[in-house]
Amino acid sequence: MKHFFLRVLCVSAVNSGLGISFRASLIIADTIPPVTLNDVPSTPHVVIVGAGFAGLYAAKSLGRAAVRVTVIDRCNHHVFQPLLYEVATAALSPADIAAPIRTILARQKNATVLLARAMSVDVARRVVVLSDGEIGYDILILATGVTHSYFGHDDWAAEAPGLKTIDEATEIRRRFLLAFETAERETDFEARRTALTFVIVGGGPTGVELAGTMSELARRGIPRDFRSIDTTTARVILVEGGDRLLGGFPPELSEKARLSLVKLGVEVRLGHRVTHIDAAGVKIGDEHIAARNVFWAAGVQASAVSRSLGVPLDRSGRVEVEPALSIPSHPEVFVIGDLARAINARTGKEVPGVAPAAMQMGRHVARIIQQEAASGRTRSAVDRPAFRYVDKGILATIGRAKAVGSIKGIHVSGLIAWLLWAVIHITYLIGFRNRLLVILQWTWAYVVFRRGARLITGPVDLELTRTRDDARTVGTESPIKSASSPEHVGG
Ligand SMILES: Cc1cc2nc3c(=O)[nH]c(=O)nc-3n(C[C@H](O)[C@H](O)[C@H](O)COP(=O)(O)OP(=O)(O)OC[C@H]3O[C@@H](n4cnc5c(N)ncnc54)[C@H](O)[C@@H]3O)c2cc1C
């Protein structure tokens with residue numbers, strides 16, 4: 038692939054009357070013809086870093102604003118994270134829940150998209166430092182979200198992947214499906230049991246969704262596809278340090294979720310903390326559970342870019358933003374979405390890290406920027422409208438057609454909650470094609486109990502070898518006589 042070299046000159050230039058001095062950013066790359074100073078428009082340059090829910094909704098809401106928008110993301114696609122677990126459990130394909138950012142913004146004439154990784158922000162120079170250059174801004178919207186926190190045990194990451202990106206979802210899918218292929222070729226009881234034991238750490242919505250779907254798939258979705266193993270004997274263990282699942286939900290719904298999971302065959306361990314993870318399994322207190330697969334759904338930490346802002350951060354590294362979502366002393370820098378620790382001016386409570394909050398924050402800052410660009414006057418942070426989060430409720434699915442939720446204080450559960458969940462997710466999914474595909478896949482899965490994306494991609498042979506070697510070290514000769522390559526596709 039052609040090396041994409043960005044050299045960006047930041048030219049302190051035109052003062053557009055917005056009250057802050059604007060810099061025109063010249064991007065000189067070997068793929069873009071050089072720009073001369075005369076070509077540089079005097080409209081404010083808004084740089085948005087991160088095209089998740091927050092950044093993308095901010096960019097789209099600026100479609101009619103008198104500003105130039107540059108959207109920067111390290112990926113070329115926007116991901117609909119709430120459906121990642123469906124990719125991880127082979128119900129949906131990556132392309133069903135993601136869309137190229139460039140395509141989403143293709144018709145927005147004032148927007149440019151750049152594939153680049155932001156390393157830091159130099160607020161004094163008004164520059165975002167990229168891994169391969171710099172870009173200047175007049176107004177910055179930082180929306181790089183959060184990543185996993187292994188609570189000081191970063192070495193666990195290799196054994197216990199989390200679920201935040203498409204790559205991580207396909208990696209979890211690979212490990213999950215491969216476990217059954219491994220077990221099918223294994224006759225040693227313990228080695229087979231280890232292969233078919235899945236531990237999920239963290240009992241929030243992601244952990245609950247993964248555990249429910251994995252157990253249901255093993256019990257009802259794939260048993261007849263295998264000849265040597267009974268997939269219904271797979272153990273799915275959900276470990277939660279708190280005393281209930283779904284900590285952000287009302288206790289009554291937490292209990293409903295627990296009972297539903299138990300019905301689906303999940304072993305729910307509440308009030309237990311994982312103390313060690315390695316290739317052999319996990320330690321929960323003094324108990325060791327031999328497990329080939331551990332998945333991480335606990336703890337998040339802010340994207341590292343936040344540290345360069347030089348403003349107060351909370352314990353997870355999220356930026357403590359002012360009521361209108363800008364940072365202290367820099368009204369031209371907004372931080373939104375999961376990366377922000379914001380207080381809801383409506384309730385005085387912390388805004389939760391959920392997709393609707395990220396979207397609303399994106400729209401909120403876009404409105405401020407649009408108004409100030411139109412009036413030519415930058416208001417001080419205290420004169421701007423404070424962010425007021427409208428909480429429309431919370432929902433979490435448990436398996437194929439069950440969910441729990443609280444909408445405006447009304448508790449819902451079972452199929453009705455799942456239908457509500459499905460409608461909301463389809464509505465917010467980006468792109469008509471994706472909506473149609475997801476509806477078709479869900480209908481198919483509901484009727485025939487089959488999953489449409491059971492593809493194992495990645496290093497299959499390596500995993501099988503590793504497992505058989507492990508079995509030998511515990512004194513079991515591998516029963517597999519043929520060295521022929523296994524079928525790589527799980528169904
Ligand atoms: C598995 C899962 C399930 C979820 N389920 C739900 C749900 O059911 N309902 C709900 O409301 N919420 C759910 N959430 C939470 C919701 O997805 C987040 O609150 C929301 O995505 C936050 O949006 P954001 O724009 O702040 O961050 P993100 O959506 O995480 O976007 C951040 C963007 O920044 C980019 N980026 C990061 N670092 C850099 C960098 N250095 N340089 C350039 N680009 C960068 C990333 O590529 C990404 O595109 C779920 C989250 C996960 C992970």
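By the count of our numbering, the sequence shown reaches residue 528 at its end, each step adding exactly one. In this text, a Cβ means the ideal position worked out from N, Cα and C, and glycines have one as well. Values in this document were obtained by computation on a predicted structure and should not be read as measured data.
CB of residue i within 7 Å of CB of residue j, strictly
i	j	result
His114	Ala148	no
Ala433	Val245	yes
Asp110	Ile138	yes
Val32	Val356	For residue 32 there is no data in the structure shown, the boundaries of the chain being 38 and 528.
Ala155	Val83	no
Ile209	Pro131	no
Ala127	Arg487	no
Gly199	His190	no
Tyr426	Ala394	yes
Val303	Val276	no
Ser157	Ser363	no
Contact set for residue i: own chain, Cβ-Cβ below 6 Å, skip 5 residues either direction
i	result
Val449	Gly442
Pro368	Ala418
Asp375	Gly182, Val183 and Gly390
Pro260	Thr268 and Thr269
Arg162	none
Ala294	Val245, Leu282, Leu283, Ile435 and Val441
Leu307	Glu277 and Asp280
Thr384	none
Ser265	Glu221
Leu74	At Leu74, the pLDDT of 32 sits below 50, so the modelled position is not reliable and the matter cannot be decided from this model.
Residue from the options whose Cα sits closest to the Cα of residue i
i	options	result
Ala228	Ala316, Trp193, Thr202 and Leu200	Ala316
Thr243	Arg352, Leu376, Val391 and Ile461	Val391
Ser297	Arg264, Ala440, Trp479 and Gly322	Ala440
Arg101	Lys146, Gly436, Tyr122 and Glu171	Lys146
Ala125	Arg105, Val158 and Thr207	Thr207
Val337	Ser353, Val165 and Ile364	Ser353
Ala490	Pro496, Trp481 and Thr140	Trp481
Asp262	Leu129, Ala335, Glu221 and Pro288	Glu221
Asp351	Arg272, Trp193 and Glu387	Glu387
Pro287	Arg344, Phe226, Ile447 and Leu275	Ile447
Lys445	Lys429, Gly436 and Ser157	Lys429
Pro496	Leu152, Arg212 and Glu171	Arg212
Leu252	Leu301, Ser265 and Glu289	Sequence inspection shows Ser at residue 252; the Leu mentioned does not correspond to that position. Cα-wise, what sits closest to Ser252 is Leu301.
Cutoff 8 Å; reference residue i; Cβ partners in own chain excluding five residues on either side
i	result
Ala423	Pro360, Ala361 and Ala382
Leu55	Unreliable positioning characterises Leu55 in this predicted model, as indicated by a pLDDT of 36, which lies under 50. The coordinate reading is nonetheless provided below. So the list reads Pro81, Asp175, Glu409, Ala410, Gly413, Arg414 and Thr415, once near-sequence residues are dropped.
Ser98	Gly399, Arg400, Ala403, Arg404 and Gln407
Leu466	Phe117, Leu120, Ile134, Arg472 and Val475
Contacts around residue i, its chain only, beta-carbon distance under 7 Å, and the 5 residues preceding and following it disregarded
i	result
Ser567	Outside the shown range of the chain (38 to 528) lies residue 567, about which nothing can therefore be said.
Val331	Glu196, Ala197, Val236, Val238, Ile314 and Val319
Pro365	Val348 and Glu359
Val150	Val108, Ile138, Arg139 and Leu142
Whole-angstrom C-beta distance between residue j and residue i, which should lie under 8 Å
i	j	result
Gly240	Gly279	7 Å
Val348	Arg378	The Cβ separation is near 11 Å, so there is no contact.
Tyr483	Ala438	6 Å
Touching by the beta-carbon criterion (3+ pairs, under 8 Å), the segment 91-103 and the segment 171-191
Yes: the two stretches touch, three or more of their Cβ pairs being nearer than 8 Å.
The segment 251-271 / the segment 306-326 touching (three or more Cβ pairs under 8 Å):
Contact between the segment 251-271 and the segment 306-326 is absent: fewer than three C-beta pairs spanning the two stretches fall below 8 Å.
So does the segment 232-241 actually touch the segment 205-218, counting three or more Cβ pairs closer than 8 Å?
Contact between the segment 232-241 and the segment 205-218 is present, because at least three Cβ pairs lie under 8 Å.
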